[in-house]
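Enquirer: Structure in structure tokens, see below.
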Amino acid sequence: MLNRHWRAAQNGYDASNASPSGQRRAHVRDIIVEHVDAENARDMVRTLTTYSEDCVFDDVPTGVVFRGKQAIAASYQERFDAYPRLERIITRMTVDDSSGVVEITMRGRQEKPYRGFPPRANASPELKIVGHFEINKDGLISRETAYYDQLAAAIQLGALPDITMARGKLWLALAYPFATARMIRARFWS
236 MLNRHWRAAQ NGYDASNASP SGQRRAHVRD IIVEHVDAEN ARDMVRTLTT
286 YSEDCVFDDV PTGVVFRGKQ AIAASYQERF DAYPRLERII TRMTVDDSSG
336 VVEITMRGRQ EKPYRGFPPR ANASPELKIV GHFEINKDGL ISRETAYYDQ
386 LAAAIQLGAL PDITMARGKL WLALAYPFAT ARMIRARFWS
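Numbering (this note's numbering), first residue to last: 236 to 425.
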């Protein structure tokens, strides 16, 4: 269990003595940790039990919104298949009575095609994601919204070259000659 430090935060905490608000916040934290741990275990049933029946997953950078458990399960299955040992590590979390914001670092080697991209040899991507989880009155995730750097993800999938490296700078100059010329002109003749 990679995220045991978040569960450990509750050790010694007696929720029965906490205010209703404190109990609710503890539950919000626990359902999010359970969700991430279930993803790490690649346990589809366990993952889906953290969602409400009318759940929504919003992948902001791609603009894709998955509605309902079946659509969300298909998205997870593609990721589980492509990254069979993907780890999601919670690095930060803030919760209130009805939601939580989580920073997650994802690490793992792509072993099968993902979103049409074949695996890259010796590539072990690491991507930081910020997720916002809305928790309904029944204590389940009603909406998950993911934010991440789409350029970093595309580079790690091999869809784009790293524009901080020489090959990437050449690609950028060839792909966008007018923009490159404007950048050079602004740098040297401004």
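Think of the CB as a built atom: it goes at the ideal place given N, C-alpha and C, for glycine as much as any other residue.
For Tyr311, report the span of its alpha helix (DSSP H) as first-last.
Expert: Residues Lys304 to Ala317.
Enquirer: Have a look at Leu375, Leu395 and Thr284 and flag the residue whose alpha-carbon is nearest the alpha-carbon of Ser334.
Expert: Per the Cα distances, Leu375.
Enquirer: What are the boundary residues of the alpha helix (DSSP H) that includes Met328?
Expert: Looking at the DSSP string, Met328 is not in any alpha helix (DSSP H); the run it does join, the beta strand (DSSP E), is Glu322 to Val330.
Enquirer: If I follow the unbroken beta strand (DSSP E) through Arg378, where does it start and stop?
Expert: Arg378 -> beta strand (DSSP E) spans Ile376 to Tyr383.
Enquirer: Once the 5 residues before and after Asn246 are set aside, which same chain residues still bring their CB inside 6 Å of it?
Expert: With a pLDDT of 49 at Asn246, under the threshold of 50, the modelled position of that residue is not reliable, and the figure given next carries that caveat. Once the five neighbours on either side are set aside, Asn246 has no close Cβ partner at all.
Enquirer: Counting only the same chain and skipping the five closest in sequence on each side, list residues whose C-beta sits under 8 Å from that of Pro348.
Expert: Hits under 8 Å: Ala317 and Pro354.
Enquirer: Tell me whether Phe413 is buried or exposed, calling it buried when 16 or more other Cβ atoms sit within 10 Å of its Cβ.
Expert: It is exposed - the Cβ of Phe413 has fewer than 16 other Cβ atoms within 10 Å.
Enquirer: Going by C-alpha to C-alpha distance, which of Leu409, Pro360 and Gly366 sits closest to Ile390?
Expert: That would be Pro360, whose Cα lies nearest to the Cα of Ile390.
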